[in-house]
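Residue numbers (the numbering used here): 57 to 369. For reference, the structure discussed in these notes is given below.
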């Protein structure tokens with residue numbers, strides 16, 4: 057036991073001492089990418105507000121309505137981790153594409169972000185899911201735009217909690233999970249931290265070793281309140297009970313979510329209503345692979361989402 061403690065001390069020491077040097081070298085060798093995607097100022101939307109009665113929160117968001125009279129298929133998008141901002145090009149690229157192709161999109165401000173009340177940092181995934189249920193109820197009852205069918209699109213962390221949303225609101229027609237893992241949150245944390253360290257310049261074996269004390273610090277000190285709230289969440293039981301059509305999408309080169317492991321966990325369920333796809337060469341945003349385009353959300357994935365929505369009857 058004493059040897060293990062000393063090993064952890066040595067590993068952390070090396071990370072602290074060598075990390076800044078390796079980071080400087082690594083960053084100098086990694087070219088940044090720029091993307092050509094829509095901006096909020098060029099898009100047409102309506103400000104909306106709704107209430108999460110269960111949690112006593114007033115929530116807000118943007119409603120992107122297609123041209124025409126409808127009725128339209130409609131989706132609520134579920135935000136990923138951290139505070140949301142309205143000009144996030146990843147979300148806007150999907151919302152813009154769907155709006156232009158006849159799908160109504162409600163993109164809420166995440167709890168504690170922009171005009172929505174609450175604090176996501178101390179909220180469990182189960183709590184956050186009730187915000188999406190409130191957004192779904194808003195779309196069911198609003199009188200501005202007729203809706204033909206209703207679904208959810210969970211983005212990253214939002215995809216992880218999406219089957220739990222259906223557990224709470226089973227009268228939804230379809231589910232789309234964009235790079236949300238099916239694994240336990242703690243398992244994904246270690247995978248992500250390992251890749252963060254590799255990006256900083258550490259060798260694979262070293263990065264995996266350092267990730268153990270690094271994630272321990274996150275879980276027990278620097279982000280303790282957050283990980284106490286969400287760390288044990290496991291979506292698999294809710295995937296197992298899911299009866300509506302679902303499209304699940306991963307990038308083969310995702311440094312945040314283990315694509316193959318997430319797919320395998322869903323494949324074991326052997327459910328015909330869950331379609332899992334892996335997009336070769338894409339990372340966490342399902343962006344164009346390097347050298348093959350400049351979109352933060354690859355066109356193939358956008359088309360697959362649209363086609364899936366219109367296939368639901």
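Every residue gets a Cβ at the ideal spot worked out from N, C-alpha and C, and that includes glycine.
Roughly how far, in whole angstroms, is the beta-carbon of residue i from the beta-carbon of residue j, given that I think they are within contact range, below 8 Å?
{"i": "residue 145", "j": "residue 352", "result": "6 Å"}
{"i": "residue 139", "j": "residue 166", "result": "7 Å"}
{"i": "residue 338", "j": "residue 346", "result": "Wrong, their Cβ atoms sit about 10 Å apart, outside the cutoff."}
Answer with buried or exposed for residue i, where buried requires no fewer than 16 other C-beta atoms within 10 angstroms of its C-beta.
{"i": "residue 128", "result": "buried"}
{"i": "residue 98", "result": "exposed"}
{"i": "residue 77", "result": "Low local confidence applies: a pLDDT of 35 at residue 77 is under 50, so the model's placement there is unreliable, and no value is given."}
{"i": "residue 83", "result": "In this predicted model, residue 83 has a pLDDT of only 35, less than 50, meaning its place in the structure is not dependable; the value taken from the coordinates is given anyway. The residue in question, residue 83, is exposed, as its Cβ has fewer than 16 Cβ neighbours within 10 Å."}
{"i": "residue 259", "result": "exposed"}
{"i": "residue 245", "result": "buried"}
{"i": "residue 277", "result": "exposed"}
{"i": "residue 159", "result": "buried"}
{"i": "residue 81", "result": "A caution first: residue 81 carries a pLDDT of 33, below 50, which makes its placement in the model unreliable, though a value can still be read off. So residue 81 ends up on the exposed side."}
{"i": "residue 286", "result": "buried"}
{"i": "residue 230", "result": "buried"}
{"i": "residue 340", "result": "buried"}
Using only alpha-carbon positions, find the residue among the options that is nearest to residue i.
{"i": "residue 204", "options": "210, 196, 211", "result": "196"}
{"i": "residue 309", "options": "158, 255, 191", "result": "255"}
{"i": "residue 302", "options": "277, 328, 286, 278", "result": "328"}
{"i": "residue 182", "options": "215, 340, 337", "result": "215"}
{"i": "residue 199", "options": "359, 113, 318, 119", "result": "119"}
{"i": "residue 148", "options": "234, 180, 330, 93", "result": "93"}
{"i": "residue 209", "options": "116, 365, 134", "result": "134"}
{"i": "residue 95", "options": "307, 347, 152, 312", "result": "152"}
{"i": "residue 252", "options": "159, 217, 263", "result": "263"}
{"i": "residue 131", "options": "194, 173, 124", "result": "194"}
{"i": "residue 161", "options": "299, 325, 202", "result": "202"}
{"i": "residue 174", "options": "113, 333, 287, 274", "result": "113"}
{"i": "residue 124", "options": "312, 360, 155, 91", "result": "155"}
{"i": "residue 369", "options": "91, 101, 206, 323", "result": "206"}
Just to confirm my understanding: we take residue i, look at its own chain, exclude 5 residues before and 5 after, and list those with CB closer than 7 Å. What are they?
{"i": "residue 388", "result": "One cannot answer for residue 388 here, as it falls past the ends of the chain, which runs 57 to 369."}
{"i": "residue 75", "result": "Unreliable placement is indicated for residue 75, whose pLDDT of 44 sits below 50; the coordinate value is still reported in the next sentence. 256, listed in sequence order."}
{"i": "residue 318", "result": "237, 238, 239, 306"}
{"i": "residue 137", "result": "212, 213"}
{"i": "residue 300", "result": "222, 228, 229, 230, 231, 329"}
{"i": "residue 296", "result": "325"}
Who are the near neighbours of residue i in its chain, counting only those whose CB is closer than 8 Å to its CB and skipping five residues on each side?
{"i": "residue 321", "result": "238, 239, 292"}
{"i": "residue 281", "result": "177, 178"}
Give me, in chain order, the residues of the same chain whose beta-carbon lies closer than 6 Å to that of residue i; leave out the 5 immediate sequence neighbours on both sides.
{"i": "residue 314", "result": "247"}
{"i": "residue 186", "result": "108, 110, 111"}
{"i": "residue 225", "result": "189, 192"}
{"i": "residue 220", "result": "185, 294"}
{"i": "residue 157", "result": "362"}
{"i": "residue 249", "result": "267, 270, 271"}
{"i": "residue 234", "result": "211, 215, 305"}
{"i": "residue 331", "result": "303"}
{"i": "residue 169", "result": "139, 140"}
Do residue i and the ligand MN come close, with the Cβ less than 7 Å from some heavy atom?
{"i": "residue 264", "result": "This structure simply doesn't include the ligand MN, nor any ligand for that matter."}
Pick out the complete beta strand (DSSP E) segments inside the region 180-259, 3 residues or longer, and give them in chain order.
203-211, 230-234
In chain order, which alpha helix (DSSP H) runs of at least 4 residues are fully inside the region 302-362?
Listed in chain order, they are 315-323.
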